[in-house]
Amino acid sequence: MRKFSLFLLVSVFVFVSACMAAMADTPPGTSPDGMNYTYSPSEGYRVFCRATHPGPLAGTQITLSATATYTNETGQIMGEAQSETLVVNVANTVWKRTWNVVLPEEATVVLDSGSGPGGMSLNGNNLTVWLFVPNNGVQQQFSWRLMLKPPARASSN
Amino acid sequence: MPDRLEIVVNQGPKDVIEVSRYQAVPGGAGSPVSPSGVIYWGAKSSSPLPTGNYGPKPISRRVTIKKWELLSDGAGTLNIDVVYNPSVTYGPMASGAVSPPGLGPSLNNQTLATGPVSNWPVRVLPTGSYVDIKVAGNPSVTGFVFTLYVE
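Residue numbers (the numbering used here), protein chains in the order written: chain A, 8 to 164; chain B, 801 to 951.
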């Protein structure tokens, strides 16, 4: 069991390491979308989940134009004309990006009042982290902390 | 509209504690707490929670603590000491007492507790200080959200 726990612990580190592009405590917009982490003695491991809305920006105008075709009773095309255009304004939308992480038994996850616009839930060892991303072109960021406890020691007597 | 946490705690077999929506402090992770509202910590573990400090929060302006609230994912015991550092020059670990040492916010076979801070040694956190919580004893719950309401 302890070996398995250790394996899980290592797996999480490998997962987190594989996901990180850089180890920099940077504000949103200065690191690529995805996950990375920082380590500091006072906080330990802080994992950052970043995302930018992939769709068109709110307020973007999309112009739709059409051709009107006139057909008679026999199906013969009698004429064509340029139809009026329709301008569609892209509305404000908020998407939710979710990450799923399997945690080792020794891990505790912590969020706080600086975590950002998102949330997290832990179901057994399955951690789900989500981030709300509006279509404003601005990268959003949610961060959480990973506290690692030493594996329980067997009794020495 | 009060600036407070809205928390959904599922106490069913899935053992889920979920922060469904909350007012984030503007500025993102690690940013100083500046507006009036809440300072909170939330933690969840699949095994007993670790003891010790849960992470300092920097205070960018003088705030006054009004009350506290402690919510867990199941009935059990949990004892918290609220601690602070007057300044980071004293080192990263917050250890000065904000709540009475050993008599801080606690759960005793409850899932929710709240209380005043009238008997706390420190109720005003100065600019540049750090506030933290310290889980003490042997907690029996596996998840909690602790909130300080500040002005």
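For every residue, glycine included, the Cβ atom is placed at its ideal position computed from N, Cα and C.
*Which residues mark the beginning and the end of the beta strand (DSSP E) in which A:ARG104 is found?*
101 to 109
*Check whether the Cβ atoms of B:ALA843 and B:PHE944 sit closer than 9 angstroms, and answer yes or no.*
Going by beta carbons, B:ALA843 and B:PHE944 fall inside the 9 angstroms limit.
*Identify the residues that DSSP records as bridge partners of A:MET42: which are they?*
A:CYS56
*For B:PRO987, which residues from the same chain have a beta carbon less than 8 angstroms from its beta carbon, with the 5 sequence-adjacent residues on both sides left out?*
As displayed, chain B neither begins before 801 nor continues past 951, which places residue 987 of chain B out of reach and without an answer.
_Quick check on A:GLY86: does DSSP put it in helix, strand or coil?_
strand
*B:ASP881 bridges to which residues according to DSSP?*
B:LYS934
*Terminal residues of the continuous beta strand (DSSP E) containing A:GLN68?*
Bounds of the beta strand (DSSP E) holding A:GLN68 are 68 to 71.
*Going straight from the alpha carbon of A:VAL54 to that of A:GLY41, what length do you get?*
Put simply, the backbone Cα of A:VAL54 is about 10 angstroms away from that of A:GLY41.
*Spatially closest choice to B:THR914 from B:SER846, B:ALA936, B:LYS867 and B:ASP873, by CA coordinates*: B:LYS867
_For A:VAL94, count the other beta carbons within 10 Å of its own beta carbon; 16 or more makes it buried, fewer makes it exposed. Which is it?_
exposed
_Using 9 angstroms as the threshold, is the C-beta distance between B:VAL935 and B:ASN879 below it?_
yes
*Give the straight-line distance between the Cα atoms of A:GLU87 and A:LEU71, rounded to the nearest whole angstrom.*
When rounded, the separation of the alpha-carbon atoms in A:GLU87 and A:LEU71 is 17 angstroms.
*Would you say A:LEU138 and A:PRO124 are within 9 angstroms of each other, going by their C-beta atoms?*
yes
*Going straight from the alpha carbon of B:PRO921 to that of B:SER899, what length do you get?*
C-alpha separation (whole angstroms): 6 angstroms.
*So which residues of chain A does B:LEU849 contact, with C-beta pairs closer than 7 angstroms?*
THR115
_Here's the rule I'm using: 16 or more other beta-carbon atoms within 10 Å means buried, otherwise exposed. How should B:LEU903 be labelled?_
exposed
_Paired residues, beta bridge with B:PRO858 - DSSP_ = B:TYR930
*So which residues on chain A does B:VAL898 lean against when the C-beta distance must stay under 8 angstroms?*
Within 8 angstroms Cβ-Cβ: nothing; B:VAL898 doesn't reach chain A, min ~16 angstroms.
_On a Cα-Cα basis, can you pick out the residue from A:THR74, A:TYR46, A:TRP151 and A:SER90 that is closest to A:ASP119?_
A:TRP151
*asked:* Using only the alpha-carbon positions, how far apart do A:PRO111 and A:ASN132 sit?
replied: 7 angstroms
*For the putative contact between A:VAL140 and A:VAL101, defined by C-beta atoms under 8 angstroms, what is the C-beta separation to the nearest angstrom?*
7 angstroms
_C-beta atoms of A:VAL145 and A:THR59 nearer than 9 angstroms_ = yes
*Tell me, please, which residues DSSP counts as bridged to B:ALA843.*
A:VAL117 and B:PHE944
_Inter-residue spacing [alpha-carbon to alpha-carbon] between B:ASN909 and B:SER872_ = Straight-line spacing of the CA atoms in B:ASN909 and B:SER872 works out to 10 angstroms.
*In three-state DSSP terms, what is A:PRO141?*
strand
*asked:* So if DSSP puts B:LEU871 in a beta bridge, which residue, or which two residues, is it bridged to?
replied: B:LEU912 and B:VAL945
*Could you have a look at B:ARG923 and say whether DSSP puts it in helix, strand or coil?*
coil
_Three-state class that DSSP yields for A:THR74 in the structure shown_ = strand
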